[in-house]
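Novice: So the sequence shown is numbered by this note's numbering: it starts at 12 and just counts up by one.
Sharing a structure below in structure tokens format, with a few things to ask.
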Amino acid sequence: MWSHYAKDHSGVVIEVSNEHPIFNYHHLTHRQCGVSKQHPIKVEYTNVRPGQDIPDTAIYEYFEDNFYTHFATVKGIPWEYEQEYRYLLTLDEADVGLVRLLKKTEDIQETRLSVRHVHEDLYKVEYTSPEDRDLLKWYLAIHQGRGNICDVILFKRLSRDAIKAIYFGCRVSDESIKEARSRMVKSGFYSKEITFYKGKESDDLFEINFEEVNFHEEY
Numbered sequence: 012m013w014s015h016y017a018k019d020h021s022g023v024v025i026e027v028s029n030e031h032p033i034f035n036y037h038h039l040t041h042r043q044c045g046v047s048k049q050h051p052i053k054v055e056y057t058n059v060r061p062g063q064d065i066p067d068t069a070i071y072e073y074f075e076d077n078f079y080t081h082f083a084t085v086k087g088i089p090w091e092y093e094q095e096y097r098y099l100l101t102l103d104e105a106d107v108g109l110v111r112l113l114k115k116t117e118d119i120q121e122t123r124l125s126v127r128h129v130h131e132d133l134y135k136v137e138y139t140s141p142e143d144r145d146l147l148k149w150y151l152a153i154h155q156g157r158g159n160i161c162d163v164i165l166f167k168r169l170s171r172d173a174i175k176a177i178y179f180g181c182r183v184s185d186e187s188i189k190e191a192r193s194r195m196v197k198s199g200f201y202s203k204e205i206t207f208y209k210g211k212e213s214d215d216l217f218e219i220n221f222e223e224v225n226f227h228e229e230y
């Protein structure tokens with residue numbers, strides 16, 4: 012996690028409670044879709060690429076739920092140390108899309124969606140009301156087909172109350188941690204119950220231990 016995804020121990024990892032109501036996001040009309048899961052699925056690690064050893068349950072079935080689930084939950088053995096679990100969702104359940112813009116913003120405006128600039132050619136697209144949720148996927152598909160956008164990535168919006176803790180890498184300075192905590196508190200967006208930890212390399216083992224960071228300043 013730290014060497015691959017968190018900038019070589021200089022980034023952060025966010026702990027999220029999967030018991031929070033935010034994970035009860037399945038719309039009633041989508042619950043009949045067997046690919047969309049209400050609980051995380053354990054990833055299978057193997058040397059055989061997906062498609063070369065498909066279980067019979069994924070081949071000889073009336074619907075194709077297990078077929079798609081198989082391809083979405085198989086990874087190579089070198090990644091086994093991650094011990095990953097995955098939530099599988101339908102496109103209808105997405106809240107936000109991040110896209111690369113290939114044409115001018117005025118060419119892709121939509122009154123029922125919000126299109127906001129993030130960085131360079133990266134834009135954030137999201138619906139403005141829950142009634143327009145289904146519009147998001149069609150909007151992105153149409154403009155991707157027209158060549159207006161590319162590199163579409165869809166996300167679920169996370170509730171701030173679902174965030175339980177933030178873990179800072181062992182190469183993050185104490186000053187940076189204090190600054191991050193101060194900005195979070197002053198924003199008023201995040202829960203005050205979030206716990207902060209900082210990593211510390213073990214002197215004896217190839218492992219990282221985490222110690223809680225205590226703040227004495229009042230904001």
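All C-beta atoms, glycine included, are put in the ideal place defined by N, C-alpha and C.
1. Could you check how far apart the C-beta atoms of residue 111 and residue 132 are, in whole angstroms? I think they sit under 8 Å.
2. By the DSSP assignment, the beta strand (DSSP E) with residue 162 in it spans what residues?
3. Rounding to the nearest angstrom, what Cα-Cα distance links residue 178 and residue 15 in this structure?
4. Suppose you measure from the CA of residue 229 to the CA of residue 197; what does that come to, to the nearest Å?
5. Can you give the Cα-Cα distance for residue 214 and residue 223, rounded to whole angstroms?
6. Quick one: any contact between the region 167-176 and the region 205-219, if contact means 3 or more CB pairs under 8 Å?
7. Grab me the residues of residue 168's own chain with a C-beta within less than 7 Å of its C-beta, minus the 5 sequence neighbours each way, in chain order.
8. Could you check what DSSP says for residue 73 in three-state terms: helix, strand or coil?
9. What is the DSSP secondary structure of residue 96, reduced to helix, strand or coil?
10. Using DSSP bridges, identify the partner residues of residue 220.
11. Where does residue 126 sit, in a helix, a strand or coil, going by DSSP?
12. Output needed for residue 127: all residues of its chain with C-beta closer than 6 Å, excluding positions within five of it in sequence on either side, in chain order.
Specialist: According to the structure shown:
1. Beta-carbon to beta-carbon, residue 111 and residue 132 are separated by about 5 Å, close enough to satisfy the 8 Å threshold.
2. Run containing residue 162: 160-166, per the beta strand (DSSP E) assignment.
3. Annotation: residue 178 to residue 15 spans about 15 Å, alpha carbon to alpha carbon.
4. Residue placement at residue 229 cannot be trusted, given a pLDDT of 48 that sits under 50; what the coordinates show is reported in the next sentence. Between residue 229 and residue 197, the alpha-carbon positions lie close to 11 Å from each other.
5. In a straight line, the C-alpha of residue 214 is about 18 Å away from that of residue 223.
6. With the cut-off at 8 Å, the region 167-176 and the region 205-219 touch.
7. Same-chain partners within the cutoff: 106 and 107.
8. Assigned with DSSP and collapsed to three states, residue 73 falls in coil, not helix or strand.
9. In the structure shown, residue 96 falls within a strand segment according to DSSP collapsed to helix, strand and coil.
10. DSSP output for residue 220 lists 211 as bridge partner(s).
11. Residue state, collapsed to three classes: strand.
12. Within the same chain, residue 127 has close Cβ partners 135.
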